[in-house]
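K.L.:
To convert, take the position in the sequence shown, counting from 1, and add 22; that gives the numbering used here. Provided herewith is a single structure, encoded as structure tokens, for subsequent inquiry.
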Amino acid sequence: MGSGIAHVVARVGIDVTVVEPTEDLLARGRERLDASTGRAVERGRELDRVVGPDAVFASNTSSIPIATLASATSRPDRVVGLHFFNPPPAMDLIEVTPSLMTSADTVSFARRFGERLGKTTVLAKDEAGFIVNRLLIPYLCAAIRLLDEGLATREDIDMSIALGLNHPMGPLRLADLIGLDTVLQIADVLFDEFREPAYAPPPRLRRMVAAGRLGRKSGAGFYDYG
23 MGSGIAHVVA RVGIDVTVVE PTEDLLARGR ERLDASTGRA VERGRELDRV VGPDAVFASN
83 TSSIPIATLA SATSRPDRVV GLHFFNPPPA MDLIEVTPSL MTSADTVSFA RRFGERLGKT
143 TVLAKDEAGF IVNRLLIPYL CAAIRLLDEG LATREDIDMS IALGLNHPMG PLRLADLIGL
203 DTVLQIADVL FDEFREPAYA PPPRLRRMVA AGRLGRKSGA GFYDYG
């Protein structure tokens, strides 16, 4: 998703510096950006060398508490959650999530920044999952449980939601699109924080991830994409 966010920012004329943990990941991200924007991304450098004292640190996480990230910096008032949705160029929403230490100026800047990108911003408390994933993960887990119970086939579960609720796709195809490992990771974080059964990952989800069936990105999940 990082390269998609960089694309969204660059296409409105804002300079972007992309930082990756390895040269290999940086090269892959640059190739994706070259394909979509026609410009190369500057090679990654240490973050402290490229940001000024007034820079805002924005994290795309939807599971790590923003306060945890803020406490690792010398400027916690300038740390904020800026949660994009995949793929960033096509999705219009950004969740803005301040911690208890985030300043009002930083929140205002984050919302203006999102609007400059042509996105709609919503404000959420610094709790695991924010708004969308707090609603989405129980929905996806419920669909997996229905499949496990034999209530309906995967196709009929997805068709029921797509046609009955006018969604662009059903929950099992959506889980494949997100990545089953990502769904599992978020579900684990939500269950650890809230201890509500709706967030508990179904055993089938954990087994599929262990088997490498991660959805579209691995070529197989609830559906095959070979």
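Every residue gets a Cβ at the ideal spot worked out from N, C-alpha and C, and that includes glycine. Every value quoted in this text rests on a predicted model; they were computed, and no experiment measured them.
(1) When the Cα atoms are used, what is the spatial distance from Y247 to R167?
(2) Who are the Cβ neighbours of I208 in its own chain at under 6 Å, not counting the five residues just before and after it?
(3) Do L212 and A165 have their beta-carbon atoms positioned less than 9 Å apart in this structure?
(4) Determine the contact status of G136 and T142, defining contact as a CB-CB distance below 9 Å.
(5) May I ask you to list the residues that DSSP assigns as paired with A80?
(6) Tell me which same chain residues have a C-beta within less than 8 Å of the C-beta of T95, skipping the five on either side of it?
(7) R176 to I88, Cα distance in whole Å?
(8) Using CA atoms only, rank isn't needed, just tell me which of L169, I36 and H189 is closest to P224.
(9) For my contact list, D203 and L236 are in at a C-beta cut-off of 8 Å; report their separation, rounded to the angstrom.
(10) Would you call P219 buried or exposed, if buried means 16 or more other Cβ atoms sit within 10 Å of its Cβ?
(11) Within the continuous alpha helix (DSSP H) that includes V129, where are the two ends?
(12) Quick check: R133 and V118, are their CB atoms within less than 9 Å of each other?
(13) Using CA coordinates, which residue listed in R138, N82 and L139 is at the minimum distance from P120?
(14) What are the start and end residues of each continuous alpha helix (DSSP H) run of 4 or more residues lying completely inside the region 218-245, in chain order?
(15) Tell me the rounded alpha-carbon separation between I27 and R226.
P.N.:
Concretely, from the data shown:
(1) Counted from its first residue, the sequence shown places residue 247 at position 225. Counted from its first residue, the sequence shown places residue 167 at position 145. Near 22 Å, if we compare the C-alpha coordinates of R167 and Y247.
(2) Looking up residue 208 in the sequence shown gives position 186. Excluding sequence neighbours, I208 sits near S85, N155 and I159.
(3) Within the sequence shown, residue 165 is the residue found at index 143, counting from 1. Within the sequence shown, residue 212 is the residue found at index 190, counting from 1. Not closer than 9 Å, so no.
(4) Against the sequence shown, residue 136 aligns to sequence position 114. Against the sequence shown, residue 142 aligns to sequence position 120. Yes, the Cβ-Cβ distance between G136 and T142 is below 9 Å.
(5) Looking up residue 80 in the sequence shown gives position 58. Partner(s): V102.
(6) Counting from 1 along the sequence shown, the entry for residue 95 is found at position 73. The answer, listed in chain order, is F79 and V101.
(7) Residue 176 sits at position 154 when you count from the first residue of the sequence shown. Residue 88 sits at position 66 when you count from the first residue of the sequence shown. Rounded to whole angstroms, R176 to I88 spans 36 Å at the Cα level.
(8) In the sequence shown, the residue the question calls residue 224 occupies position 202. That would be L169, whose Cα lies nearest to the Cα of P224.
(9) Indexing the sequence shown from 1 puts residue 203 at position 181. Indexing the sequence shown from 1 puts residue 236 at position 214. Contact flag correct, Cβ pair sits at about 5 Å.
(10) Taking the first residue of the sequence shown as position 1, residue 219 is located at position 197. Exposed is the call here.
(11) On the sequence shown, position 107 is the one that residue 129 refers to. Segment A126 to R138, the alpha helix (DSSP H) holding V129.
(12) Start at 1 with the first residue of the sequence shown, and residue 133 comes out as number 111. Start at 1 with the first residue of the sequence shown, and residue 118 comes out as number 96. Yes, the pair counts as a contact, with Cβ atoms nearer than the cut-off.
(13) Along the sequence shown, one-based indexing puts residue 120 at 98. The candidate whose alpha carbon is nearest that of P120 is N82.
(14) 225-232
(15) Numbered from 1 along the sequence shown, position 5 holds the residue referred to as residue 27. Numbered from 1 along the sequence shown, position 204 holds the residue referred to as residue 226. C-alpha separation (whole angstroms): 32 Å.
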